[in-house]
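Numbering (the working numbering), first residue to last: 1148 to 1416.
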C-alpha cells in the first residue's frame, strides 16, 4: 500500500455515527491503509445527528461555495472537515442544509425512509467528485461503502467519464447486508437520467430497492468485496454472474491482509 492513494467514500463512519458493519469497516479499512503507508481521503455525509462541537467539525471555505444541480435545482455544497484524533486521519463531510440538517441519517422518527434520500445520494456522489477535483487529488482506488454512497460508481463511470483526474482510478465496492426495506422515490430514475446518464443502463432503478441500487453499483465497479455474511441471495447471484474480481467475506479480525492483498493483486494489477 506504500504511496498508493485511496479515496474512501462511505455512508457511515465511526466515531461520528453508531457502530454497525458499514460504519466499522468504513473506519477500519482506511486505518489499515494509513498504517501501511498509503495516502487516504475519507468522505461521508454530514448528517444533522453528528455532533459538530464534540467532533470539532469546521467548514473549509476554499472547498465550499459551489452549487450542484440536482433534478434541475441548484443546491449549495458545503465542505467540513474533522480529524479522528488517535489515528490522525482527516475526514471530509459533504453538507447541505436542505439535505443533511435534519437530526437523523436515513429515516424519520417512525422509521420511514426520507422521501428525498435519492436526491441526497445524488448530491453526495457529485459532491465527493467535485471536491476531489478541487483538491486535484487523483486516487488509485476509490473504495465505496454503504448504500448512500452507492451512486458514486455510476456517476464516476458516466457523468465524470471524461474527467482526466479519475481516468486510471479503480472502483472497489463493499457490499453489505440489506440495510433498508421498501424503495426510494419512484422518480429516482428520471432524476439520474436528467444528468445525461442513459436510462437503458440503469433500468433496474425504475424500482429503487436496496438490491437494485447495489446491483447498479456493482455493475459500474471494477471489483467487489463481500463485506457481510448476510448478503441477499439476489445480490449474491448478480455478483456471481459478472466477470470481475470478488473478495469473499472475511471477519473484521482477519480482514487486513486479505484486503491489502486484494487491492494489490486484483484491483491494481
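Yeah, the Cβ is synthetic: ideal placement off N, Cα and C, and Gly gets one too.
Asked	Found
Meets three-Cβ-pair contact criterion under 8 angstroms: the segment 1366-1382 and the segment 1391-1410	yes
Proximal residues to residue 1307 (C-beta, below 7 angstroms), its chain only, five neighbours per side dropped	1276, 1313
Cβ-Cβ distance between residue 1229 and residue 1210 below 7 angstroms	no
Contacting residues, own chain, Cβ-Cβ under 6 angstroms from residue 1194 (five flanking each side not counted)	1247, 1252
Where the alpha helix (DSSP H) containing residue 1249 begins and where it ends	Residue 1249 -> no alpha helix (DSSP H), and no H or E assigned at all.
Residue 1362 and residue 1351 closer than 7 angstroms at C-beta	yes
Proximity to residue 1358 [Cα-Cα], best of 1168, 1152, 1327	1327
Within the segment 1367-1394, ranges of the alpha helix (DSSP H) (whole runs, at least 4 residues)	1380-1387
Distance CB(residue 1153)-CB(residue 1187) smaller than 7 angstroms	yes
For residue 1166, the three-state DSSP class (helix, strand or coil)	coil
Per-residue burial, residue 1335 [other beta carbons within 10 Å of its own, 16 or more giving buried]	buried
Own chain partners of residue 1293 with C-beta closer than 6 angstroms, once the 5 adjacent residues on each side are dropped	1157, 1158, 1159, 1169
Residues near residue 1413 by beta carbon distance below 7 angstroms, same chain, minus five either side	1370, 1392
Whole beta strand (DSSP E) elements within the segment 1246-1296, 3-residue minimum	1288-1292
Whole runs of the alpha helix (DSSP H) within the segment 1175-1257, excluding any shorter than 4 residues	1199-1202, 1244-1247
Whether residue 1181 touches residue 1231 by CB criterion (7 angstroms)	no
Alpha-carbon spacing of residue 1226 relative to residue 1234, whole angstroms	21 angstroms
Cβ shell of residue 1285 (< 6 angstroms), same chain only, five flanking positions each side left out	1312
Beta-bridge partners of residue 1317, as assigned by DSSP	1288
Min CB distance residue 1293 to chain D below 7 angstroms	You won't find chain D in this structure, because it holds only one protein chain.
Cβ neighbours of residue 1360 in the same chain (closer than 6 angstroms, five flanking residues each side left out)	1294, 1297
Same chain only: Cβ atoms within 6 angstroms of residue 1213, ignoring 5 sequence neighbours per side	1224
Cβ-Cβ distance between residue 1331 and residue 1291 below 7 angstroms	no
For residue 1270 and residue 1103, believed in contact at Cβ under 8 angstroms, the rounded distance	Limits of the chain in this structure are 1148 at one end and 1416 at the other, which puts residue 1103 out of reach.
Same chain, Cβ closer than 6 angstroms to residue 1356, neighbours up to 5 away in sequence not counted	1330
Distance, residue 1374 Cα to residue 1405 Cα	12 angstroms
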